[in-house]
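The structure appears below as structure tokens.
Numbering (this note's numbering), first residue to last: 6 to 280.
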């Protein structure tokens, strides 16, 4: 039974740096994005180390074999008897490559499989994909202003509505909950996806108005949010336990631009969106 859902956004890409709408365009992490997911992956792997123990308890064949000269064999019973073995974790990821890269940094540390799901893809931005906001404003000023006011001007360009994204994401999460309802023990669902998808999905699950301007802040690259799920006779209750959290190192460095030793002389600096 799923009781916790962690949602991790992918790390920075070159298109993030250029402030282009990525949507469902395929683009890999850049050097700073790889650093970001390494930091978050390590922090989350420390927090959820129990998932490695649980996985080994279920799959003792993954344990290393002691050499013949060893006075004792590796004891699989230690893993089976550990309290950690009583709960499980499943890692699912958008099938877009930047999300896959992010998911594997975390999952590989714990020896977990990554299951790809196209339903976790980012919001589709139609003919605006790959464009900067300045380019969109120049070509379609009225639609751009309507989009920024959350009034739907983007829909004329094949952009998926926020409501559609939220419904797609919420139904995907609910489908995982239904599938695991009869699985014994508690399960954590670890989801790797995209900024707009995560915000819209959380808002929908919490019953918020997805189209309300600034209902939830935008997710930062390689930051995570967490929902708790309470199962009751009257239905499921969703609680927002964490939103837009990152590793401790993000408090002490320029997270969006990474440490100086990663920046080449030709790399522009990431700047917040103004206006």
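Using N, Cα and C, we set each Cβ at its ideal position, and we do this for glycine too.
These numbers were taken from a predicted model, which means no experiment stands behind them.
query, result
"Residue 3 versus residue 127: straight-line alpha-carbon distance, rounded", "With the chain running from 6 to 280 in the structure shown, residue 3 is simply not present."
"Proximity winner among 134, 194 and 123, relative to residue 25 (alpha-carbon distances)", "134"
"Sheet register partners of residue 130 (DSSP bridge)", "164"
"Anticipated Cβ contact below 8 Å, residue 8 with residue 180, distance rounded", "Actually they do not touch by this definition, with Cβ atoms about 16 Å apart."
"Residue range of the unbroken beta strand (DSSP E) whose run includes residue 14", "7-14"
"Endpoints, beta strand (DSSP E) assigned at residue 216", "Here residue 216 belongs to no beta strand (DSSP E), and DSSP marks it neither H nor E."
"Cβ pair count under 8 Å reaching 3, the stretch 88-100 against the stretch 185-196", "yes"
"DSSP-derived helix/strand/coil call for residue 171", "helix"
"Beta-carbon contacts of residue 123 that lie in its chain and below 8 Å, excluding the five residues immediately before and after", "99 and 100"
"Proximity of residue 229 and residue 12 at Cβ, strictly below 8 Å", "yes"
"Spatial neighbours of residue 46 in its chain, beta-carbon cut-off 7 Å, leaving aside the 5 residues before and after", "110, 111 and 114"
"Of the residues 16, 57 and 85, the one placed nearest residue 32, counting alpha carbons only", "16"
"Cβ pair count under 8 Å reaching 3, the stretch 83-93 against the stretch 47-60", "yes"
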